[in-house]
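Everything below concerns the one structure shown next.
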Amino acid sequence: MEPNCLKCQYFYVTWDSGAPRGCRAYGFKTKQLPSIVVRRSSGHPCYQFAMKAGEKK
3 MEPNCLKCQY FYVTWDSGAP RGCRAYGFKT KQLPSIVVRR SSGHPCYQFA MKAGEKK
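59 is the number that the working numbering gives the last residue of the sequence shown; the numbers go up by one with no jumps.
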């Protein structure tokens, strides 16, 4: 199961219409959720996921 990027402290929304989602932990922007890109490129789940303060699982 992929981590939910929307609940991750490293996820952010960019102003780039070509790549509206970003990951500060890995330092990239993408059209897809960053966790999907990490899984496809490395073959492993996102190891940088960290729950935002105040978020519930």
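Backbone N, C-alpha and C define an ideal beta-carbon position, used for all residues, glycine too.
Through-space distance from residue j to residue i, alpha-carbon basis
i     : j     : result
Lys31 : Trp17 : 10 Å
Phe51 : Lys33 : 18 Å
Ile38 : Glu57 : 21 Å
Gly24 : Asn6  : 13 Å
Gly20 : Pro36 : 14 Å
Leu8  : Pro47 : 15 Å
Minimum C-alpha distance to residue i - residue among the options
i     : options                   : result
Cys10 : Met3, Arg41, Ala27, Pro22 : Ala27
Glu4  : Arg42, Pro22, Lys54       : Arg42
Cβ neighbour criterion (16 or more within 10 Å) applied to residue i
i     : result
Val15 : exposed
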